[in-house]
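Chains as they are written, first to last, in our numbering: chain A, 68 to 356; chain B, 68 to 356; chain C, 68 to 356; chain D, 68 to 356. Quick reminder that beta carbons are idealized off the backbone N, C-alpha and C, glycines included. Down below is the structure, laid out as structure tokens.
In structure tokens, the structure reads:
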């Protein structure tokens, strides 16, 4: 990983080479940003590169956007750069069923015909459901708005890559995290030992994402999700509170056993705290902080 | 439907005939209760009949319990009385899959071998899951306790039949009901127009049981379940709150869209009120009254 | 109490006489409404009378509003009609301290000087605090708006009088009520035997208004307030939950003992349901329905 | 402040002198603990000193307890050591009204007559109300239990002194703290800028203890109470939520303006987190963590 200080002082060639993976197949972006050194923050470097894209002649911008790989394309996948492959792979787009592959192929074809562009989206910020929803929505855009939207997505993609490859002050916030907390409001104490499961749900859901057990403070040792942007989509937390209250033998079967909390994440770079306040006969939840 | 007053004054033969369907194949039960007329309440009549069963000689009691049909028996079904057929049919025991049929057959066989009795349970108070759970639990009982349990179940079965066939004062409470209420605590007002779906869930779940939409008072016009005992089992209510808050455009997708409340019913003759207090970012529920 | 049917068919003199107490010192209001008979609802009769006021020549309207007694006037009180006396007395305006009397006298004088009107307000819809707040606010109005406001208050005053003196279909809703409910969400059951006290609070508060104890359903037998409009103002409910949870010996002293809920009533003709959902370590409340 | 390492290695005289202020007028306690050096933790040192007290001959224990000053004694106050003065002063026992002084004098006299002891209590863990409540309760004890209780209180007093005068590993937890958090569950965000006031309430309350305003995270920069044991007693938090929701103009006056949360602290060395989850029409609170 390069350090911002190095990028601020190295040669032009070294600068362009170090940033080559951020804007794929477009060394001219780094070249255009080079004269604006020094950059006080990583965010300022990214802004300068995006500014270079927006200031480029129309044909160059167009060629640049068109150079992006198609989403979920089986045919084109062999051409993917390493970066694009890893990003799409994280979503499981390389494991599409035949039906899903057909759906993506149809959407890609319709989109390409309408806009003469590949559909560009920052996949690391989305679940499959969210990508399909955006795909369908954006297919209704007028071409100018859609071109602007594609550039914004490229901004999000390259910001993530830059944060992953350059160290230094003023890194933009690209990580989100999901945490929880189980409070036994009957005893006024954290509920320890409660099993928690997190599922992604939706039309093309991935199923169980993670599971954990609450510690003495009613929390999990690590956030349920962290280490990158959260994926926009719908989730369900299952809290196995039955065993926690079993000693009370309140009812058979107990009124509450597995408590599901279904919620959506819309802001990938934010903190979502989704706690459970629970007694054997009641509970509440909220987006907390 | 006979009236208690009529039963208190009619001839012995009319009395026995009117109550013939309550204790199947056992007219001697009504005969033994006859001398204790008059009965001030329907409950007292039922108590007297159950007392007659318990006071009968052991062999008669045994023959009586053994006279009950096996649960979910395909072979024996043609022999079922009308009452038994209707009761088992309400649970869908006549629509068992081959696998479920095999499971019931195994359980029936093991139970019959251990206790030399058919497994008797008041099916109208149970879901299939609950019946299987009870079947497995009760198979561990010692024979005396299990015989007593079978008699108690017969008490529950016949109480339901009596309530269904005799009118008069002092009918025992055999109906339960499930109600709900959606309150928008952001506006301090009932949430009208919220779609609600009720599912039975579990290993051998029946799926969607009922659906409704909240009225201006945030309630459904009719209870979600009523008109008989509730069935012991696990349920999930889905509240479609997304459209209610859509005008606010709080997030895309909204934090809360479909709110699931999963709970168990353990007391078939009780009232379960399971409300939802909800804002776009929080909710709570409880067993209310 | 006259019946609407009678008023729709009686002589003009009887009509005017029967409605004489509704618009004080202004028989011309009833006279002007008379030709619009028959009235299908009590509300329609009231609308017709208010319409008569608004259609009257300016001088007559002015004289009519000026004919109203001053609020809390000690001097003028001997001149109050029976109706005005009872209404003001209900607020305790006849028991003002010297200081409060001085404050009212100052406000009355300033108001009369600015608007050349007595300050008219439907006292039965207000606490003293609310009257003072309205007095101060309305003193800032421009004269036209304030004259309109005075007419609206007369509409509220006479509507209450009409509802109190005429029976028949279509009575406007003039009553509000306050109810509560205590639910023990640790046990999933109503909390019975919980003492409740209701206070009016504020700068010139009246103190304890009512007290009660919850029944087996966790409610009070009667609403805490009812039988007329609620008074706009600030209130505090005290729920004595300590004894209810004492058997649990959760902490010494217990975390929750007397739970205060402070809230304001702003809509005198509405239902306020202010429940308490409580465990030994948590509670929630809301405006319910 | 001495360090445990120093105490583990210094001379006997230096040891006794350094610990002289912990057990007032009783250098023999430190002398008896000296041979058990080294102490691995501050807690172990305190345990050794208390063990020395409990192993001392009865007359010495008695003389030791009797050497403690009377609570709130005006006469005796000039004799108080520096430590006792500061501790009693923190409670305002030097600012007793005549009536309170009389009450303490009566309780002191009755207690002394019954037990031939001064009433010993660790005042820094109590409010005045709690002291009076304990005074009255303990006056009912049988003498042996009460002597044991006095020793336990001396343990609490000296533990606090030791923690205040000796540094080193394994200090016992003697601090508690009170924190809060205001969450706007209508917006799913912390409520910033909410004024909070904390009162001690009770028969002889001290009134406003502290006030603060929530920051961007809905919390106060510092705990509301910290830096020592919490005082057992009853408190009321006032949350001024009216201004936070004023822009919404939900009702006039708004349903919620100042929200009081009344609760008791029973464990001086614990963390009390008392949050408020609030919308314009609802709120909840709980002892959290």
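Only 252, 253, 254 and 255 from the region 252 to 271 of chain B bring a Cβ to less than 7 Å from some Cβ of chain D.
Distance from the CA atom of residue 210 of chain D to the CA atom of residue 126 of chain D, rounded to whole angstroms, is 15 Å. If the five residues before and after residue 274 of chain D are omitted, its C-beta is found closer than 8 Å to the C-beta atoms of 266 and 267, all from its own chain and listed in chain order. From the listed residues A:114, A:92 and A:110, the smallest Cα separation to residue 134 of chain A is found for A:92. At a beta-carbon threshold of 8 Å, the residues of chain C lying near residue 333 of chain D are 318, 319, 320, 321 and 322, ordered along the chain. By the C-beta density criterion, residue 320 of chain D is buried, having at least 16 other C-beta atoms within 10 angstroms. Close to chain C, meaning a Cβ-Cβ distance shorter than 7 Å, are the following residues of the region 340 to 356 of chain B: 344, 351, 353, 354, 355 and 356. Going by beta carbons, residue 303 of chain A and residue 243 of chain A fall outside the 7 Å limit. In the three-state reduction of the DSSP assignment, residue 257 of chain B falls in the strand class, which pools E and B.
The three-state secondary structure of residue 186 of chain A, taken from DSSP, is coil. Within the same chain, and ignoring the five residues on either side of residue 307 of chain B in sequence, the residues whose Cβ sits closer than 7 Å to its Cβ are 261, 262 and 325. Below the 7 Å Cβ cutoff, chain B contributes 356 as neighbours of residue 285 of chain C, in chain order.
In terms of beta-carbon proximity, residue 304 of chain A stays away from the interface with chain D, with every pair separated by 7 Å or more.
In the pairwise beta carbon analysis, the region 79 to 86 of chain D is classified as touching the region 94 to 109 of chain D: at least three pairs are separated by under 8 Å. As DSSP reads the structure, residue 69 of chain D sits in a beta bridge with D:233. In the same chain as residue 208 of chain A, and ignoring 5 residues on each side of it, the C-beta atoms closer than 7 Å to its own belong to 216, in chain order. In this structure, the beta-carbon distance from residue 322 of chain B to residue 354 of chain A falls below 7 Å.
For residue 132 of chain C, the enclosing alpha helix (DSSP H) begins and ends at 125 to 133. In this chain, residue 312 of chain B is not harboured by any beta strand (DSSP E); it is covered by the alpha helix (DSSP H) spanning 309 to 312. With 16 or more neighbouring CB atoms inside 10 Å of its own CB, residue 286 of chain B falls in the buried class.
Within the model, the alpha-carbon separation for residue 190 of chain A versus residue 110 of chain A is close to 21 Å. Contact check for residue 270 of chain C against residue 165 of chain C fails: the beta carbons are separated by 7 Å or more.
Looking from the CA of residue 68 of chain B, the closest CA among B:104, B:128, B:98 and B:229 belongs to B:229. Excluding residues up to 5 positions away in sequence, 247, 248, 249, 250, 352, 353 and 355 lie with their Cβ nearer than 8 Å to the Cβ of residue 342 of chain D in the same chain.
Inter-residue distance for residue 199 of chain A and residue 192 of chain A is about 13 Å (C-alpha atoms, whole angstroms).
Residue-level contact check: residue 290 of chain C does not touch chain D, since none of the beta carbons of chain D fall below 7 Å from its beta carbon. In the structure shown, residue 279 of chain B adopts extended strand secondary structure according to DSSP, grouped into three states. A:254 is the residue among A:259, A:224 and A:254 whose C-alpha sits nearest the C-alpha of residue 315 of chain C.
Per DSSP, the unbroken beta strand (DSSP E) holding residue 327 of chain B starts and ends at 325 to 332.
Under the three-state reduction of DSSP, residue 89 of chain D is assigned to coil, being neither helix nor strand. Our two residues, residue 106 of chain B and residue 220 of chain B, have alpha carbons roughly 23 Å apart in a direct line. Boundaries of the beta strand (DSSP E) around residue 264 of chain A: 262 to 268. Bounds of any alpha helix (DSSP H) do not take in residue 345 of chain D; it lies within the beta strand (DSSP E) bounded by 343 to 346. Bounds of the beta strand (DSSP E) holding residue 351 of chain D are 349 to 353. Residue 174 of chain B places its beta carbon 7 Å or farther from that of residue 214 of chain B. Counting only Cβ-Cβ distances below 9 Å, residue 250 of chain B has contacts in chain C at 353, 354, 355 and 356, in chain order.
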